[in-house]
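K.L.:
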Amino acid sequence: MINSLRFITLAVLPILAHSDLIPLNDSTLKKIDGEGIGIVLEDFVYQAGEQTNGGTFEISGLENSSGQSVVLGISQFYVAGSNSNRGVNVINNPVNLGRLQYPYNIELRDGNDIGITDKAVLELAAPEKLVDLSYFQTSKENRVERRFPGKQAASGQRVDRITGLDETIFSTRGSERADLGIRFDLEVGGTDAQSLENHVKGLAIDGSYVRLWGGEDRVEAEVNFNLYAEQIEFRACDSIGTNCGDSVNFNNIGIEAQLGDGNFQPVTFEVTSAGQFSFLVGSLEGKCPIGTTGGCEAGSAKLRLEEYYTSGPSTNIYVDNVRIGTAPVNTVGNFGSSTISNLQIQYLEVTSHDL
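Numbering (our numbering), first residue to last: 1036 to 1390.
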């Protein structure tokens, strides 16, 4: 009798219990301090699309200006270790993507700690750098210049040139820098036309991250994109991918691109009322009151703008050499180095349109 009574009591308790699911707001979420999820892939290879084995991934339903059907096939896609030889050496050539001390992270962060006031922030991040420094070694010069004719002159340091690349910043070792590639095959009117290939050697994206949070009826973000590679190659081949023209090779590439500056200048993603996708890097207009001289009035707003111009988000790109084919150094076909430095985007809007 006692055992039966206990059973009846336990069975009734869940019926008496009652609770509601309550949505969590930003104020609640920003107090969460979890360590997030770390992802490490050891001995990883990926190979897909092998055309010879019938594994091609295709995009169909397209037409050219003549009304012919166009099919875009992905006949090769791979991720492997170094010396993959354009995807020939993949299966027995693994790569480690991250390691326990430097994993890829998915984390919910307190926005107050990273300049995004009173917001819970979702961060997707690549492995951190060993040292929080730029990949580029630079030579700088002091300059005084006007941003617009007749306006106040501004002074400060600007990058004169890039003198070298500092690979000691990487948390990735040699076994963690991947080769990857993709090949597109184009079929027009039922006939194979040509193939286009892209191969990347020695890729690392250390220090990259995307931070996402909720704004006013839209998603706001801050993006830090770093790309370092020994070589990026593009080439066009015939319909079966054997007779290829000269490759275009970008050697020793570094890209450090920052978009968005917290609440001050967020990047936004939204769908417009017309159903179009919109990507916006917000304008700096109105960030501080304008004084009688045409510049910002002294005060906290001016100091914040000065901080933005001195150390705010910027983009730096360096390519050590652009080469066509196998041309020797210092001959026709070598175009030398290219540099873009201290590029700050003060307003950018990209929208989709119906064709």
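Just so it is clear, CB atoms sit at the ideal spot from N, CA and C, and this is done for glycine as well.
1) Let me know the secondary structure DSSP gives Lys-1337 once reduced to three states.
2) For Gln-1192, which residues in the same chain have their Cβ closer than 8 angstroms to its Cβ, ignoring the five residues on either side in sequence?
3) Curious, which full-length alpha helix (DSSP H) runs of at least 4 residues does the segment 1280-1304 contain?
4) Which ranges would you report for the alpha helix (DSSP H) in the segment 1158-1240 if only whole runs of at least 4 residues count?
5) Please state the DSSP three-state secondary structure of Ser-1095.
6) In chain order, what residues of the same chain have a beta carbon less than 6 angstroms from the beta carbon of Ile-1380, not counting five sequence neighbours either side?
7) Flag this pair as touching only if the segment 1191-1211 and the segment 1370-1390 have three or more C-beta atom pairs under 8 angstroms; answer yes or no.
8) Give the DSSP-derived three-state secondary structure of Glu-1332 in the structure shown.
9) The beta strand (DSSP E) that contains Val-1123, what's its start and end?
10) Quick one: grab the DSSP three-state call for Gly-1150.
11) Identify, in the order they occur along the chain, each residue of the same chain with its Cβ nearer than 6 angstroms to the Cβ of Gly-1199, setting aside the five sequence neighbours on each side.
12) What does a CB cutoff of less than 6 angstroms around Val-1385 pick up in its chain, not counting 5 residues either side in sequence?
13) Since Gly-1108 sits in a beta bridge, which residues does DSSP pair it with?
14) What residues in its chain sit with their C-beta under 8 angstroms from that of Gln-1103, if we drop five residues either side in the sequence?
15) What runs of the beta strand (DSSP E), each 3 residues or longer, lie entirely inside the segment 1243-1282?
16) Give the secondary structure of Glu-1320 by DSSP, where H, G and I count as helix, E and B as strand, and everything else as coil.
17) So Arg-1270 and Leu-1238 are supposed to be a Cβ contact under 8 angstroms. How far apart are they, rounded?
18) Using DSSP bridges, identify the partner residues of Gly-1073.
19) Run through DSSP, which three-state label would Ser-1346 get?
20) Distance, Cα to Cα, Phe-1304 vs Val-1156?
21) Using a Cβ distance threshold of 8 angstroms, determine whether the segment 1348-1356 contacts the segment 1284-1295, with at least three qualifying pairs required.
22) Using DSSP with H/G/I as helix, E/B as strand and the rest coil, what is Ile-1352?
23) Excluding sequence positions up to five away, which residues of its chain have a Cβ less than 7 angstroms from the Cβ of Pro-1162?
24) Which residues does DSSP pair with Asp-1145 in a beta bridge?
25) Which one of Asn-1261, Gly-1250, Asp-1078, Leu-1340 has the shortest CA to CA distance from Glu-1320?
26) In whole angstroms, what separates the C-alpha of Ile-1141 from that of Asn-1261?
P.N.:
In short:
1) Judged by DSSP in its simplified three-state form, Lys-1337 adopts helix.
2) Lys-1175, Glu-1176, Asn-1177, Arg-1178
3) none
4) Taking only runs of at least 4 residues, no alpha helix (DSSP H) segment lies wholly in the segment 1158-1240.
5) Three-state result, Ser-1095: strand.
6) Val-1316
7) Yes, they touch.
8) coil
9) Neither: Val-1123 is in no beta strand (DSSP E) and is coded neither H nor E.
10) coil
11) Gln-1172
12) Excluding positions up to five away in sequence, the list reads Phe-1314.
13) Glu-1093, Asp-1220
14) Val-1223, Gly-1224
15) Segments of the beta strand (DSSP E) lying fully in the segment 1243-1282: 1244-1249, 1254-1272.
16) When secondary structure is reduced to three states using DSSP, Glu-1320 falls in the coil class, being assigned neither helix nor strand.
17) With a Cβ gap of about 18 angstroms, Arg-1270 and Leu-1238 do not count as contacting.
18) Gly-1073 pairs with Asn-1140.
19) helix
20) 15 angstroms
21) Yes: at least three Cβ pairs fall under 8 angstroms.
22) strand
23) The answer, listed in chain order, is Gly-1133, Tyr-1137, Pro-1138, Tyr-1139, Ser-1206, Thr-1207, Asp-1241.
24) In the DSSP output, where bridge partners are listed per residue, Asp-1145 has Ala-1155.
25) Leu-1340
26) When rounded, the distance between both Cα atoms is 17 angstroms.
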